[in-house]
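Here the structure is laid out as structure tokens; the discussion comes afterwards.
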Amino acid sequence: MMHHKKLDKWLQPGGHCDGDSNILNVAVKEAIEESGINEIKTINKEIFDIDTHYIPRTHKEPAHYHYDVRFLLKTVNNDNFIKNNESNELKWFNFSDYSKLAIELERSVTRMIEKFMTINHPAC
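Residue numbering for the sequence shown follows UniProt numbering, starting at 1 and increasing by one per position.
So, in structure tokens, the structure goes:
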């Protein structure tokens, strides 16, 4: 998870497609860029979750809806994070104990954790 500097929240890595129509490749690229971990692979090509949320108008852009398309990704025993300018901190969490964490997670993140814990995927 990354503690997003601008939003001051713990979130999964992610980013904008910026014209790239292959959203799975974008998800992997953003995870690599935001974590500094080079060995990130897809568990499968299926969309795991989609979160839609409203973004209020700012001085830079009008109000709009934001669509987070999420995939399951994995890395092999790599916790050598390289913090980027978008995060205050990067950290692994044991999601089986997420309700005991001393941090507040967005509902969309806890929904993903709960959904993940209900599946029994051999690659997880």
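Heads up, the beta-carbon is just placed ideally off N, CA and C, and yes, glycines get one too.
Each of Thr118, Thr110 and Ile119 was checked against the Cα of Asp51, and the nearest Cα belongs to Thr110. Counting only runs of 4 or more residues that sit fully inside the UniProt domain "Nudix hydrolase" (7-102), the alpha helix (DSSP H) segments are 23-35, in chain order. In this structure the segment 24-39 does not touch the segment 49-68; the number of beta carbon pairs closer than 8 Å is below three. If you compare the alpha carbons of Ile119, Met117 and Leu73 with that of Gln12, the shortest gap goes to Leu73.
DSSP places Met1 outside both helix and strand once states are collapsed to three, so it counts as coil.
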